[in-house]
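If you read the protein sequences in the order shown, they are chains Z, Y, L and B. Using this note's numbering, the first residue of the first sequence is number 1, and each one after it goes up by one. Using this note's numbering, the first residue of the second sequence is number 1, and each one after it goes up by one. Using this note's numbering, the first residue of the third sequence is number 1, and each one after it goes up by one. Using this note's numbering, the first residue of the fourth sequence is number 1, and each one after it goes up by one. One structure is given here, and the rest of the page talks about it.
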Amino acid sequence: MTLYFLNFVLLIIGLYALVVKRHIVKKILGVAIMEYAVNLFLILLGFRKSGIAPILTEDMDLRTFIHTAVDPLPQALVLTSIVIGLGTLALMVAMAIRLYERYGTFDMDEIKRLRG
Amino acid sequence: MYEEKQSGMTFIVKTITNLMIGFMLVFGAYVVLYGHITPGGGFPGGVMIALAYILVTLAYGRKVVESMVSGVTGSIADDVGALVILILGFIGLIIGGTFLFNFLPKGTPFSLFSAGYIIIYNLAIMLKVGMSLYIVFLALAILQRVVTTREENKGDKK
Amino acid sequence: MDVIFLLHLLLTFMIIGAFITVEIKNMLSAVISIGAVGFALSMTFLFLGAPDIAITQVIVEILSLILLIRATVNVDNVAIEEKGESVFHNRTALIFVGIILVFAWIAFKSLPPFGEPLMRVSNYYLSNGLTLVGATNFVTSVILDFRAYDTFGEAMVLFVSISGAFAILRRWKREQHKDFLRIDREH
Amino acid sequence: MSYLLPLFTAIPIFSAILILIIGKFDKKNFPRIWSLLTSLSLLFILAVIWDKGTMIHEMGGWKPPFGVVLVKDNLSQFMLLIVNVVAFLTIIYSYVYMIKFEDYLRFFTLFLFMLAGMNGVVLTGDLFNLFVFLEIASIASYALVGYGVDAEELEASFKYLILGALASVFILFGIGMIYSVTGSVNMADVARFIIVNNLSKNNALLMATGLFIVGFGLKAGLVPFHAWLPDAHSSAPAPISVMLSGVLIKVLGIYALIRVFYSVIGITPVVSNVFITMGVISMLVGAFMGFGQDDMKRMFAFSSISQMGYIAVGIGIGTPLAIIGALFHLLNHAGFKSLLFFSSGVIQNSTGTRNLSELGGLREKMPVTSAASVIGSLSIAGVPPFNGFWSKLIIILAAFSAGYFWLGGILVLTAFLTLSYYLRFQKNVIFGEPASIIKNVREAPFMMILPMVVLAVFCLLAGIFNSWIINNIIIPAQSIITNQLVYISSVLGM
Numbered sequence: 001m002t003l004y005f006l007n008f009v010l011l012i013i014g015l016y017a018l019v020v021k022r023h024i025v026k027k028i029l030g031v032a033i034m035e036y037a038v039n040l041f042l043i044l045l046g047f048r049k050s051g052i053a054p055i056l057t058e059d060m061d062l063r064t065f066i067h068t069a070v071d072p073l074p075q076a077l078v079l080t081s082i083v084i085g086l087g088t089l090a091l092m093v094a095m096a097i098r099l100y101e102r103y104g105t106f107d108m109d110e111i112k113r114l115r116g
Numbered sequence: 001m002y003e004e005k006q007s008g009m010t011f012i013v014k015t016i017t018n019l020m021i022g023f024m025l026v027f028g029a030y031v032v033l034y035g036h037i038t039p040g041g042g043f044p045g046g047v048m049i050a051l052a053y054i055l056v057t058l059a060y061g062r063k064v065v066e067s068m069v070s071g072v073t074g075s076i077a078d079d080v081g082a083l084v085i086l087i088l089g090f091i092g093l094i095i096g097g098t099f100l101f102n103f104l105p106k107g108t109p110f111s112l113f114s115a116g117y118i119i120i121y122n123l124a125i126m127l128k129v130g131m132s133l134y135i136v137f138l139a140l141a142i143l144q145r146v147v148t149t150r151e152e153n154k155g156d157k158k
Numbered sequence: 001m002d003v004i005f006l007l008h009l010l011l012t013f014m015i016i017g018a019f020i021t022v023e024i025k026n027m028l029s030a031v032i033s034i035g036a037v038g039f040a041l042s043m044t045f046l047f048l049g050a051p052d053i054a055i056t057q058v059i060v061e062i063l064s065l066i067l068l069i070r071a072t073v074n075v076d077n078v079a080i081e082e083k084g085e086s087v088f089h090n091r092t093a094l095i096f097v098g099i100i101l102v103f104a105w106i107a108f109k110s111l112p113p114f115g116e117p118l119m120r121v122s123n124y125y126l127s128n129g130l131t132l133v134g135a136t137n138f139v140t141s142v143i144l145d146f147r148a149y150d151t152f153g154e155a156m157v158l159f160v161s162i163s164g165a166f167a168i169l170r171r172w173k174r175e176q177h178k179d180f181l182r183i184d185r186e187h
Numbered sequence: 001m002s003y004l005l006p007l008f009t010a011i012p013i014f015s016a017i018l019i020l021i022i023g024k025f026d027k028k029n030f031p032r033i034w035s036l037l038t039s040l041s042l043l044f045i046l047a048v049i050w051d052k053g054t055m056i057h058e059m060g061g062w063k064p065p066f067g068v069v070l071v072k073d074n075l076s077q078f079m080l081l082i083v084n085v086v087a088f089l090t091i092i093y094s095y096v097y098m099i100k101f102e103d104y105l106r107f108f109t110l111f112l113f114m115l116a117g118m119n120g121v122v123l124t125g126d127l128f129n130l131f132v133f134l135e136i137a138s139i140a141s142y143a144l145v146g147y148g149v150d151a152e153e154l155e156a157s158f159k160y161l162i163l164g165a166l167a168s169v170f171i172l173f174g175i176g177m178i179y180s181v182t183g184s185v186n187m188a189d190v191a192r193f194i195i196v197n198n199l200s201k202n203n204a205l206l207m208a209t210g211l212f213i214v215g216f217g218l219k220a221g222l223v224p225f226h227a228w229l230p231d232a233h234s235s236a237p238a239p240i241s242v243m244l245s246g247v248l249i250k251v252l253g254i255y256a257l258i259r260v261f262y263s264v265i266g267i268t269p270v271v272s273n274v275f276i277t278m279g280v281i282s283m284l285v286g287a288f289m290g291f292g293q294d295d296m297k298r299m300f301a302f303s304s305i306s307q308m309g310y311i312a313v314g315i316g317i318g319t320p321l322a323i324i325g326a327l328f329h330l331l332n333h334a335g336f337k338s339l340l341f342f343s344s345g346v347i348q349n350s351t352g353t354r355n356l357s358e359l360g361g362l363r364e365k366m367p368v369t370s371a372a373s374v375i376g377s378l379s380i381a382g383v384p385p386f387n388g389f390w391s392k393l394i395i396i397l398a399a400f401s402a403g404y405f406w407l408g409g410i411l412v413l414t415a416f417l418t419l420s421y422y423l424r425f426q427k428n429v430i431f432g433e434p435a436s437i438i439k440n441v442r443e444a445p446f447m448m449i450l451p452m453v454v455l456a457v458f459c460l461l462a463g464i465f466n467s468w469i470i471n472n473i474i475i476p477a478q479s480i481i482t483n484q485l486v487y488i489s490s491v492l493g494m
């Protein structure tokens with residue numbers, strides 16, 4: 001419970017960086033922090049008290065394994081979400097550097113030719 | 001005008017790179033091939049292989065790494081990896097009637113060739129991920145140099 | 001040591017790291033401290049019984065650090081002075097955040113308690129995965145067989161974002177820089 | 001016949017990869033001809049599966065709660081029709097338009113990925129899979145908005161990217177909440193679990209509701225979350241403006257909202273009121289901001305916000321009549337707004353500007369474009385007998401019959417506002433004194449005229465034969481939305 005809450009605080013910090021900060025890289029880092037938070041949230045949801053990793057080894061009994069392994073589905077979802085985050089990051093970095101080339105700054109307040 | 005620095009980083013970095021690169025490639029391949037038995041899989045393995053090449057780029061400069069895997073080869077490998085995944089899906093559609101059907105025999109657990117097509121799928125993802133991250137790093141590194149050089153030129157004119 | 005206590009400790013560390021990332025002036029330090037957050041996150045995954053995710057997180061963290069430092073911080077590490085915001089502005093933001101946190105607290109209370117997931121669907125994966133798929137790593141059997149279509153989509157997300165990055169970075173004739181970019185030589 | 005369903009995503013992706021490989025040798029003709037063929041083949045497959053009832057495709061052969069399923073019901077088929085027809089017309093238009101961007105290999109690659117992503121979102125029966133394909137479509141659209149790599153385009157694209165990433169995080173968080181409460185991510189299974197255990201008052205689900213409204217609202221560009229929309233629409237190349245306004249915000253925003261709230265979580269009075277409020281604010285803000293614009297494309301963008309407001313109001317009211325109106329307006333808006341953005345691209349291409357104050361008297365130099373643009377404006381303004389009139393009329397009638405009299409008043413008021421700013425557009429661009437810059441202007445090439453003519457004919461015919469369209473296309477889709485149990489039982493097979 002408190003873990004969920006702390007995790008949500010992490011998400012809010014990322015949101016704060018995204019909304020308030022003017023530096024483009026800070027905004028990108030804000031997105032990254034939010035992605036961390038949401039990935040961790042999904043894994044926390046699948047945790048079992050005194051659970052083991054959902055990987056069977058040869059000396060393990062299948063029946064006890066079923067009753068102790070943590071939930072594998074959120075882990076699969078998070079793996080996909082990490083990849084999506086990496087793809088977004090690559091695109092964001094490409095765009096940031098192109099913007100820098102055009103405007104000569106990383107300051108979002110000076111990048112303001114459009115009216116919004 | 002910007003001229004390609006031939007030297008790259010220091011001797012220490014280069015030596016350590018020489019030592020590490022083989023380990024990184026082998027470990028990446030291991031993580032991919034045993035992805036269905038131990039932790040790992042196509043994605044982390046692919047990123048490891050991309051990181052091996054990126055390490056060479058950082059230590060030796062772009063020319064050396066492009067003599068190993070050129071940008072064009074990388075991008076073709078990237079496309080081929082994606083195509084293999086799609087073709088796996090279509091084979092499943094033809095054999096099993098559903099897209100991405102696991103059409104190979106399941107084998108015995110804990111052996112390398114078990115779990116049907118998962119090993120091929122992992123290898124295709126490795127090719128795709130590794131090569132695409134490597135070529136995007138090359139492109140970003142080039143652009144970054146050009147931007148910095150132009151900044152410096154601007155400063156000179158002032 | 002108790003795992004739950006350790007998790008609290010790691011999360012607190014991550015929150016502090018994230019806060020430093022957001023507030024520090026020097027951009028290189030900001031990027032490095034987000035690296036610290038990422039590595040703490042991967043340790044957290046390890047304690048939560050997710051070695052697959054932990055490996056992936058470490059590797060991805062290294063790659064994104066290299067990308068960020070090499071492509072952005074290396075170009076221009078000038079900190080931007082924040083304009084002095086009015087106290088009122090900050091106070092409304094704080095009140096808003098406070099309300100959201102209270103609502104989140106109430107909502108988290110009605111989730112199943114921590115450590116006892118429902119696992120309606122996952123029990124099927126755990127009990128039948130070995131016979132139906134044959135992989136002993138159940139995460140792999142979920143991502144590459146039960147939900148293979150998601151992984152197909154995931155590979156395509158990476159493909160499309162790399163393609164997009166190349167489209168953004170490509171040479172474009174409207175500008176006349178003779179010594180410029182040899183990017184589309186790669187593609 | 002359900003084996004045809006995965007082809008809607010697999011064929012465009014296959015073509016995109018093939019274009020990248022073969023495009024290394026033939027940059028000029030292969031990409032555009034191949035994309036045209038791809039889009040045509042998708043239309044052909046759609047014709048084959050049209051009206052064949054609900055189809056389920058179990059990916060990899062796993063039964064619904066365990067694997068990913070593709071579901072083609074009447075609502076998906078309605079959305080597939082809009083997406084693929086608009087995409088086909090846009091590819092015809094880009095055939096000539098993209099020449100000035102010289103390197104259009106990656107344009108068609110990204111375009112086909114966006115098409116595949118939208119088809120995937122429409123067809124999927126799984127919440128997380130919806131998220132994945134939503135990401136494919138949005139990432140492709142971020143890159144396409146910035147395709148010109150000029151300062152303004154990059155700025156618009158970066159804003160869109162940041163807000164889009166925020167939306168994705170919120171949606172994923174909401175999916176996590178739903179998974180934790182119900183133990184599944186399959187839409188039908190989640191819906192059944194919520195009904196059986198009577199969870200609709202659960203606080204965690206309420207929070208997921210809020211997260212979904214913010215996330216999908218950002219993708220739809222409804223008003224508190226519309227900051228990216230005018231910039232992105234006006235800076236993108238014309239074919240991309242068409243895709244964004246014509247289908248992307250509808251599929252990723254409105255369709256996803258309908259699916260998640262009507263078919264999965266279940267609609268509650270609170271959610272309906274939120275929809276109505278967001279819709280009313282969107283209508284008014286869009287209409288008033290539309291007045292002040294000198295840039296043609298920005299005006300169309302604000303008008304898109306305003307018309308999305310109509311659709312949101314229709315969904316919020318929630319009676320069958322209102323849903324019919326909303327879906328009919330969705331179809332019509334895809335028609336006339338695509339037409340208007342096509343014409344703005346043609347005008348910008350020939351005259352070099354899109355400012356209303358610099359243009360004038362185009363009707364003699366460009367007769368076909370002018371005629372199409374007039375038809376589009378009259379349709380969106382709601383002049384009978386064009387299609388916009390009927391859909392707005394249905395929504396207004398639904399508002400009155402559901403007892404929302406003030407809402408009906410606002411809807412009528414917005415219709416008048418829309419009419420007046422489109423008349424201003426007509427007066428400044430098509431009619432009036434010929435401006436000096438249009439001396440050497442000629443009619444656009446045939447490939448750019450053709451899509452406009454097709455859409456103009458559609459606007460007229462959909463207005464005249466409105467009852468046929470409503471009976472044959474809209475009502476089947478509406479019956480899926482209002483009967484949650486039919487959806488659940490047809491997917492889970494009970």
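The beta carbon of each residue, even a glycine, is placed where N, CA and C say it ideally should be. Bear in mind that the values here come from a model prediction, so they are computed numbers and not experimental data.
- By the 16-neighbour rule on beta-carbons within 10 angstroms, residue 196 (chain B) is exposed.
- In this structure, the CA atom of residue 104 (chain B) is about 8 Å from the CA atom of residue 27 (chain B).
- Interface criterion not met: the Cβ of residue 470 (chain B) is under 8 Å from no Cβ in chain L.
- By the neighbour-count definition (other C-beta atoms within 10 Å, threshold 16), residue 189 (chain B) is a buried residue.
- For the stretch 17 to 95 of chain B, the full-length beta strand (DSSP E) segments reaching 3 residues or more read 55 to 58 and 69 to 72 along the chain.
- With a contact defined as Cβ atoms closer than 8 Å, residue 3 (chain Z) and residue 7 (chain L) qualify at about 6 Å.
- For chain L, the residues of the stretch 68 to 84 of chain Z that bring a beta carbon within less than 9 Å of one of its beta carbons are 69, 70, 71, 72, 73, 74, 75, 76, 77, 78, 79, 80, 81, 82, 83 and 84, in chain order.
- In summary, the residues of the stretch 153 to 173 of chain B whose CB is separated from some CB of chain Z by less than 7 Å are 154, 155, 156, 157, 158, 161, 162, 165, 166, 169, 172 and 173, in the order they occur in the chain.
- Straight-line spacing of the CA atoms in residue 438 (chain B) and residue 431 (chain B) works out to 13 Å.
- Under the Cβ criterion of 8 Å, residue 96 (chain Y) is counted among the residues facing chain B.
- Taken residue by residue, none of the stretch 228 to 257 of chain B has a beta-carbon sitting less than 8 Å from a beta-carbon on chain Y.
- Taking a Cβ-Cβ threshold of 7 Å, the residues of chain L close to residue 142 (chain B) are 164, in chain order.
- The three-state reading of DSSP puts residue 226 (chain B) in coil, since its state is none of H, G, I, E or B.
- Nearest to residue 124 (chain L) by alpha-carbon distance, out of B:416, B:295, B:216 and B:183, is B:183.
- Going by beta carbons, residue 52 (chain L) and residue 79 (chain Z) fall inside the 8 Å limit.
- Unbroken beta strand (DSSP E) runs of no fewer than 3 residues, entirely contained in the stretch 344 to 427 of chain B, are not found.
- Among the residues of the stretch 47 to 80 of chain L, those with a Cβ less than 7 Å away from any Cβ of chain Y are 51, 52, 55, 56, 59, 60, 62, 63, 66, 67, 70, 71, 74 and 75, in the order of the chain.
- When beta bridges are read from the DSSP output, residue 69 (chain Z) appears opposite Z:52.
- Across the stretch 20 to 45 of chain Z, CB contacts with chain B closer than 7 Å involve 27, 31, 34, 35, 38, 41, 42 and 45, in sequence order along the chain.
- Looking only at L:78, L:139 and L:58, the smallest Cα-Cα distance to residue 24 (chain L) is reached by L:78.
- As the crow flies, the alpha-carbon of residue 416 (chain B) is around 13 Å from that of residue 393 (chain B).
- Ranked by how close their Cα comes to the Cα of residue 456 (chain B), the residues B:258, B:377 and B:185 have B:377 in first place.
- Annotation: the continuous alpha helix (DSSP H) that includes residue 484 (chain B) extends over 484 to 492.
- With a threshold of 16 other beta carbon atoms within 10 Å, residue 111 (chain Y) falls short and is exposed.
- For residue 95 (chain Y), same chain residues with a beta-carbon under 7 Å away, outside a window of 5 residues either side, are 101 and 103 in chain order.
- Within the stretch 47 to 62 of chain B, the residues whose Cβ lies closer than 9 Å to some Cβ of chain Y are 57, 58, 59, 60, 61 and 62, listed in chain order.
- Contact check for residue 171 (chain B) against residue 131 (chain B) passes: the beta carbons are separated by less than 8 Å.
- The three-state secondary structure of residue 108 (chain Y), taken from DSSP, is coil.
- Residues of the stretch 132 to 162 of chain L that bring their beta carbon within less than 9 Å of a beta carbon in chain Y comprise 132, 133, 134, 135, 136, 137, 139, 140, 141, 143, 144, 145, 148, 149, 151, 152, 154, 155, 156, 158, 159, 161 and 162, in sequence order.
- Within the stretch 424 to 464 of chain B, the complete alpha helix (DSSP H) segments of 4 residues or longer fall at 446 to 464, listed in chain order.
- Within the DSSP secondary-structure output, residue 23 (chain Z) pairs in a beta bridge with Z:107.
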